[in-house]
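*Asks:*
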Amino acid sequence: MKPKLQEAKEGDSRISPTLPEGVKNFMIDIDGTICDDIPNEEPERMLTAKAFEGAKEIINKWHEEGHVITFFTSRIEEQRAYTERWLKDKGFNYSGILFGKPRGGNYHWIDNHLVKATR
Numbered sequence: 007m008k009p010k011l012q013e014a015k016e017g018d019s020r021i022s023p024t025l026p027e028g029v030k031n032f033m034i035d036i037d038g039t040i041c042d043d044i045p046n047e048e049p050e051r052m053l054t055a056k057a058f059e060g061a062k063e064i065i066n067k068w069h070e071e072g073h074v075i076t077f078f079t080s081r082i083e084e085q086r087a088y089t090e091r092w093l094k095d096k097g098f099n100y101s102g103i104l105f106g107k108p109r110g111g112n113y114h115w116i117d118n119h120l121v122k123a124t125r
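The sequence shown: position 17 = 23 (my numbering), numbered continuously.
(1) Could you work out which residue in E50, F77, R20 is closest to Y100 when comparing CA atoms only?
(2) Ignoring anything shorter than 3 residues or poking outside the segment 62-90, list the beta strand (DSSP E) runs there in chain order.
(3) According to DSSP, simplified to helix, strand and coil, what is D95?
(4) Could you give the distance in angstroms between the alpha-carbon of V121 and the alpha-carbon of F32?
(5) By DSSP, does P26 sit in helix, in strand, or in coil?
(6) To the nearest whole angstrom, what separates the beta carbons of K96 and K62, a pair I think is in contact under 8 Å?
(7) Measuring only the C-alpha atoms, how far is E48 from D18?
(8) Between I116, P108, R20, which has its C-alpha nearest N46's C-alpha?
(9) Could you check what DSSP says for L104 in three-state terms: helix, strand or coil?
(10) Please state the DSSP three-state secondary structure of E13.
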């Protein structure tokens, strides 16, 4: 379930649409955040990763409440099948997956919209 985007304006000009009031856009890492931290160099371990206790329940609760759940991972596109299979097998509900997040940490996100970081 994806919430319908709402048209937004600045003065008389249209700008990028926004989510409805109260709907959050969660961008969630996979490795080391919802499961064991597995490097891209060991994809064979991705299917056997252990999900962290409580991760599925809170993410599925947010999804059920109508929030957008997007996994944003450093895994590469070639690991999509493993990743989608693991998420399905573990019972995670989500809206989408973005692959290719830069590796190495120390992220500084600059955007024209409010960004909140949670650890």
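Cβ atoms here follow ideal geometry from the backbone N, Cα and C, with glycine treated the same way.
*Replies:* If we stick to the structure as given:
(1) The count along the sequence shown starts at 1 and reaches residue 100 at position 94. Among E50, F77, R20, the Cα nearest to that of Y100 is on F77.
(2) Within the segment 62-90, the complete beta strand (DSSP E) runs of at least 3 residues are 74-78.
(3) Translated into the one-based positions of the sequence shown, residue 95 becomes position 89. The answer is helix: DSSP assigns D95 an H, G or I state.
(4) Residue mapping note: residue 121 aligns to position 115 of the sequence shown, counting from 1. Residue mapping note: residue 32 aligns to position 26 of the sequence shown, counting from 1. Computed Cα separation, rounded: 10 Å.
(5) In the sequence shown, residue 26 corresponds to position 20, counting from 1. In the structure shown, P26 sits in coil (DSSP, three-state: anything other than H, G, I, E or B).
(6) Position 90 of the sequence shown, counted from the first residue, corresponds to residue 96. Position 56 of the sequence shown, counted from the first residue, corresponds to residue 62. Confirmed, Cβ separation roughly 6 Å.
(7) For this step, residue 48 is matched to residue 42 along the sequence shown. For this step, residue 18 is matched to residue 12 along the sequence shown. Going by the C-alpha atoms only, they are around 52 Å apart.
(8) Position 40 of the sequence shown, counted from the first residue, corresponds to residue 46. When C-alpha distances from N46 are compared across I116, P108, R20, the shortest belongs to P108.
(9) In the sequence shown, the residue the question calls residue 104 occupies position 98. The three-state secondary structure of L104, taken from DSSP, is strand.
(10) Counting from 1 along the sequence shown, the entry for residue 13 is found at position 7. If DSSP states are grouped into helix, strand and coil, E13 belongs with the strands.
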